[in-house]
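Chains as they are written, first to last, in our numbering: chain X, 1205 to 1452; chain U, 906 to 1622. Idealized CB from N, CA, C, for every residue including glycine. It should be emphasised that the depicted structure is a prediction, and the values quoted were computed from it without experimental measurement.
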């Protein structure tokens, strides 16, 4: 099937490898990926920081660019959450019926990457191999906005050689929170350090998530503290092919 | 002099001070972890927790939708029951009313039940200024008051203190206010609770005026419901001659039946108990039982303004359980004082700015930003307040105010970001510039930069700039495809299901209902419905199936779980069981209410005296009391006394240190709703779930504070 990629501005500019990995995995599974080049940003930063007018312009732009597709994938749970929940609230607050209708439609077409694989494409083994100890950080918006269950864990469980390690307080926030990380940098850092400590104590070499924003923050902290820990988006791990045919 | 939050610094300035206190961090982490674990276990026990949340939300929305009518109804019914109702538009008016009411009694001391609303209006300072000493009687509030401290949690105001700090405080300060702490006091929570009991006992017995808040008010009967654990609330509600209750106008519920779902939700959400030890219900004045003068002060103080905001008003559903504080990762690290508000944590961040007119001061305006929007609060809220949405809503109000009042650095940065993000070409250009920057030099420089970049780089390295953005990679490697992307006819999600798209999709979005009948859309809609119907997780696993058992068995098991003694007897065997219970406690003087069945009284052992009807404080001289009950509740292990025959006045089951309650099997109902249906509204009720207890010291439950420390339940099966 044809799938439109909503890469997100953050992945586009800072973590392009996660975007490339999404393309690679989906193509390996026999799907066609298109990248609507008119896309920019969903407006999450503006919306969550209180800049409603600006977020509204970006929301309308998003709907205009993506409403023509039947299946859209994004490597970010929080951007998907912004579109599906943030836009709905915005449409209600600003009494924008057109935007509300657009969001309603996107509700049936936009999927976070692991959701698309597991719930729509019904694939849990994408033919990946990655012989490392990996901790999975379930991002807040994947858990509590998109209500993802264990889709990412099902996918990781089928990666050859991968050892999934459990860390303490797995479901607690990493402390990023968008502009929170700058407005309340000290609190954000305290949360980040607790998360990094839990992950390193669990013996993980790689910290994996479905949100590049959390990973940029956690990776920046790990780098500063010179921890022996890499951050990787789920798609980057799944893109490591084991060279055999994927099992559907 | 009572301290206030008036001099507080805004959150971003205050938080680092608290973050740097390792003892505070350890205390908070220990306490919130304990309470979260208990709450999750108790919530998981209920099969219908989600539907209860929805029901509670609906009741509150209904009540808020006709608040004026309900308040008028409440006023009529409180006055019909012998009470007086006062309305206060703001904190100053409320303080004035209450100080005048106390002064009119000619007293220089009042006892207080824990009340956030009195803290909201800074009542203690006003009383002190009028020469009246407010005596906080809740253990945590006492700890706060003795330490000249401020509350840091809605339910457990001294959560920031550990047992050693509390012991030191008791030893140092109790003597200045009354009975000193005993020498050699250890830091065991039960010893600390016993010290508080001894310190306050005399205050309760001599008090003429008490001040309380309330958890709920019922319009149809003029009833107030006050939920507590230690028995200090019952002391204040029953011993003094005059009771003044200050209650926010949003706390009114339409009917008595509405109380059920809230009583079930509150204790589980707040302290992780099936039911809090004591809930008191009363309506106005009850002749011969409790205060004979009752004043209800209804407080607006920003609530009606909040109600006028269609998004913001949901904060008024709050029942002050503080479950959102206990799960909040920000609260856990900085504690309540960092918020600079009587109401801290996630709910404080959405309630305080609204009550205080969000943009009017820097402390309030910073609160909506004191969150990562992680959503843990919304997931546990028993009345489903969408706190993340409210935070975003209030952020917009702060930002829009800033934009109107002149140039603002952040607004300029956000506008600049818009210039880039509004155009894919400009975004691509910005990305190329970013990739061309000397990454290593920028990384080293960043921590010294001012503003957002510098704040980021204090503890985090900047991500390395990639050689090329995704967009650039795509146009180089897939350049031929994207140009045509918009013309490509999309094959649908159902490609995977083997179906084929039979006609071109229209470019604009069409409401799904117009496309019904089309298999493609049915499937898409089903998927969407599936996702939408995914319940909001309350963060707990599904309940285990419970084996079928009788209400009596469940009741007895749950009473026993509170560390009460349980005895099952046949109809003729009550007296020996009572006698054995009295022998275990060594009681010498035993009190019985009028109308108690004579056949239940022991034939040997201590003599039982009927309530002499003296002032309630005189009942202190009895060691034990025996009473019947009105109804008992299996789900929560609760017995309810309503003052009818064989139960007596409320003080009877409070002052003697050993309480024996006789329950017959036909009085046991399954749940709170069934109990409410059996009880007559407007009666003075005491709901008892185990001996008095407190969780105010490190969130560990300790048996026995001000109420009876020993509870015997004798069940006639």
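Under the Cβ distance rule, residue 924 of chain U counts among the residues neighbouring chain X, one pair being separated by less than 7 Å. Interface flag for residue 1375 of chain U against chain X is set, since a Cβ pair is found closer than 7 Å. In the three-state DSSP reduction, residue 1017 of chain U falls in the strand class (E or B).
In the three-state reduction of the DSSP assignment, residue 1214 of chain U falls in the coil class, being assigned neither a helical nor a strand state. Separation of residue 1399 of chain X and residue 1368 of chain X (C-alpha to C-alpha, rounded to the nearest whole angstrom) is 16 Å.
Sequence-ordered contacts of the stretch 1277-1296 of chain X with chain U read 1293 [C-beta pairs closer than 7 Å]. For residue 1334 of chain X and residue 1433 of chain X, the gap between their C-alpha atoms comes out near 15 Å. For residue 955 of chain U, no CB of chain X lies under 7 Å from its own CB, so it is not counted at the interface with that chain. Comparing alpha carbon positions, the residue from U:1579, U:1476, U:1588 and U:1580 closest to residue 1620 of chain U is U:1476. Boundaries cannot be given for residue 1036 of chain U, as no alpha helix (DSSP H) includes it and DSSP labels it neither H nor E. Among the residues facing chain X, residue 1257 of chain U is not included, as its CB has no counterpart in that chain under 7 Å away. Within chain U, 1329 have C-beta atoms less than 8 Å from the C-beta of residue 1243 of chain X, given in sequence order. Taking 7 Å as the cut-off, the beta carbon of residue 1214 of chain X is found no closer than this to the beta carbon of residue 1346 of chain X.
For residue 1216 of chain U, the residues of chain X that pass the 7 Å Cβ criterion are 1297, in the order they occur in the chain. Along the length of the stretch 1289-1344 of chain X, whole beta strand (DSSP E) runs at least 3 residues long occupy 1314-1316 and 1337-1340, reported in chain order. Taking a C-beta cut-off of 7 Å against chain U, the contacting residues of the stretch 1333-1344 of chain X are 1344, listed in chain order.
Here residue 1550 of chain U is exposed, its C-beta having fewer than 16 other C-beta atoms within 10 Å.
Listed along chain X is no residue with a C-beta nearer than 8 Å to that of residue 962 of chain U; the closest approach is about 17 Å.
Contact of residue 1491 of chain U with chain X is not assigned, every C-beta pair being separated by 7 Å or more.
In the three-state reduction of the DSSP assignment, residue 1367 of chain X falls in the strand class. In this structure, the straight-line span from the alpha carbon of residue 1290 of chain U to that of residue 1229 of chain U is close to 10 Å.
The beta carbon of residue 1586 of chain U sits closer than 8 Å to those of 1123, 1125, 1126, 1128, 1161 and 1188, all from its chain and outside the five residues before and after it, given in chain order. Residues of the stretch 926-944 of chain U that bring their beta carbon within less than 7 Å of a beta carbon in chain X are absent altogether.
Distance check between residue 1131 of chain U and each of U:943, U:1578 and U:1118 places U:1118 closest, using alpha-carbon atoms only.
Of all residues in the stretch 1226-1260 of chain U, the ones placed with a Cβ closer than 7 Å to any Cβ belonging to chain X are 1234, 1235, 1238 and 1239, in chain order. When DSSP states are grouped into helix, strand and coil, residue 1599 of chain U belongs to the strand group. About 10 Å separates the CB atoms of residue 1381 of chain X and residue 1396 of chain X; that is not less than 8 Å, and the two are not in contact.
Beyond the five residues adjoining it in sequence on each side, residue 1085 of chain U comes within less than 6 Å, by CB distance, of 1079 in the same chain, given in chain order. For residue 1348 of chain U, same chain residues with a beta-carbon under 7 Å away, outside a window of 5 residues either side, are 1366 and 1367 in chain order. Contacts with chain U at 7 Å (Cβ-Cβ) do not include residue 1318 of chain X.
DSSP, reduced to helix, strand and coil, places residue 1353 of chain U within a helical segment of the structure shown.
In the structure shown, residue 1053 of chain U falls within a coil segment according to DSSP collapsed to helix, strand and coil. Using a Cβ distance threshold of 7 Å, residue 929 of chain U and residue 1058 of chain U do not count as a contacting pair.
Taking 3 residues as the minimum length, the beta strand (DSSP E) runs contained wholly in the stretch 1471-1499 of chain U are 1495-1497, in order along the chain. Along the stretch 1497-1523 of chain U, there is no position whose C-beta sits under 9 Å from a C-beta of chain X.
The alpha-carbon separation between residue 1135 of chain U and residue 970 of chain U amounts to approximately 35 Å.
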